[in-house]
Amino acid sequence: MKNTDRDAVKQAFAEYSDRYDSSDPKIKLKISHTYRVASLCDRIAETVPGAAADLTGVAGAESSPGIIPVDRDLAWLSGMLHDVGRFEQVRRYNTFSDAQSVDHAQFGADLLFKEGLVDSFGDFDPEQKRILETAIRNHNRFRIEDGLTEEYMAYCQILRDADKIDILRVNTETPLEEIYNVSTDELRSSAVSEEVRQGFMERRAILRSRRLTTADILVSHICLVFELVYPVSIQIVREQGYLDRILAFESDNEDTKVWFEYMRKTINL
Ligand SMILES: [Fe+2]
């Protein structure tokens with residue numbers, strides 16, 4: 018595996034994102050999201066058994082059964098590149114809605130690996146590129162594709178955990194009206210659909226197409242925690258208080274109020 022020059026990658030990312038209008042809050046948001054997801058990937062990868070840092074001096078560790086050779090630099094890099102498609106998506110369509118434009122993960126992966134954009138970020142070997150492409154193409158899917166090796170699976174899961182944690186952060190740091198593009202009245206009167214409640218009770222993620230109201234989106238973001246794979250990911254969410262803050266949502270809708278009270282009592286992470 019070739020070494021990753023993180024400074025060169027950051028420089029290349031800055032040059033790439035500079036081509037877009039950084040006065041656009043949507044672009045700004047994606048730049049900071051990218052750096053945060055990359056450092057979360059790094060932090061999560063550090064805890065994955067077999068992460069490169071843990072293997073130093075451990076003879077034969079890479080070939081031991083059950084130890085997945087995760088390279089922290091590569092995990093970090095997947096975070097740096099995972100949302101490259103967002104910039105062109107916003108420029109062309111002025112939206113982050115994949116349903117109304119393109120699937121940003123496939124779009125980004127095509128730019129990187131079909132059109133060769135990845136080469137502007139460094140010199141990577143074919144295996145590194147395959148891992149990156151797999152992780153990026155799978156990062157926004159409802160379920161990771163079947164048939165991946167444990168190693169490929171680990172990179173996919175690390176990136177997905179990191180992305181979910183940062184989505185939770187955005188939900189606590191940005192006014193919900195802004196994220197969901199709704200008025201305060203609409204937000205506070207919003208109901209939670211039956212199917213979305215069901216998803217919470219079954220402790221699973223909610224399909225985007227099943228979210229009918231703004232409160233549904235909020236609940237679906239809460240449900241992201243059920244799909245976090247690594248203990249450190251749950252630890253970060255707890256430490257940062259992201260979940261408590263989202264759960265503290267104040268609704269004017271009586272049913273929604275009761276529902277949020279129920280979630281606060283039962284979530285038990
Ligand atoms: Fe993404």
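Heads up, the working numbering is the position in the sequence shown plus 17, with the first residue counted as 1. For every residue, glycine included, the Cβ atom is placed at its ideal position computed from N, Cα and C.
Please list the terminal residues of the continuous alpha helix (DSSP H) segment that includes residue i.
i, result
"residue 215", "211 to 218"
"residue 123", "121 to 126"
"residue 168", "167 to 190"
"residue 155", "143 to 155"
"residue 294", "Coverage of the chain is limited to positions 18 through 286, which leaves residue 294 absent and any answer about it impossible."
"residue 134", "Neither: residue 134 is in no alpha helix (DSSP H) and is coded neither H nor E."
"residue 96", "89 to 98"
"residue 23", "23 to 35"
"residue 201", "201 to 206"
"residue 108", "101 to 110"
"residue 196", "193 to 197"
Measure from the alpha carbon of residue i to the alpha carbon of each residue in the options, then state which is nearest.
i, options, result
"residue 87", "33, 169 and 47", "169"
"residue 273", "251, 246, 115 and 233", "233"
"residue 150", "134, 159 and 160", "134"
"residue 181", "22, 117, 251 and 101", "251"
"residue 256", "185, 65, 192 and 212", "185"
"residue 244", "60, 157 and 66", "157"
"residue 269", "239, 283 and 209", "209"
"residue 146", "280, 277, 24 and 18", "18"
"residue 60", "30, 50, 263 and 93", "93"
"residue 98", "30, 85 and 117", "30"
"residue 50", "247, 95 and 131", "95"
"residue 192", "267, 211, 103 and 100", "267"
"residue 276", "64, 161 and 236", "236"
"residue 85", "167, 48 and 132", "167"
"residue 66", "260, 121, 89 and 52", "89"
"residue 189", "271, 279, 155 and 265", "265"
"residue 238", "248, 282, 36 and 224", "224"
"residue 227", "221, 117, 212 and 220", "212"
"residue 103", "47, 62, 278 and 64", "47"
"residue 161", "54, 246, 132 and 21", "246"
Under the criterion of a Cβ to heavy atom distance below 8 Å, does residue i qualify as lining ligand 1?
i, result
"residue 186", "no"
"residue 205", "no"
"residue 122", "yes"
"residue 53", "no"
"residue 158", "no"
"residue 100", "yes"
"residue 180", "yes"
"residue 103", "yes"
* To do: May I ask you to verify whether the stretch 130 to 141 touches the stretch 212 to 228, counting CB pairs closer than 8 Å and requiring at least 3?
  => no
* To do: Taking 8 Å as the threshold, find out whether the stretch 106 to 121 comes into contact with the stretch 36 to 45 through three or more Cβ pairs.
  => yes
* Quick one: which unbroken alpha helix (DSSP H) runs of 4-plus residues sit fully inside the stretch 227 to 279? Chain order, please. => Listed in chain order, they are 231 to 240, 248 to 257 and 259 to 264.
* Report yes or no: do the stretch 198 to 211 and the stretch 170 to 177 share at least 3 C-beta pairs separated by less than 8 Å? => Taking a cut-off of 8 Å for Cβ pairs, the stretch 198 to 211 and the stretch 170 to 177 do not touch, as fewer than three such pairs fall below it.
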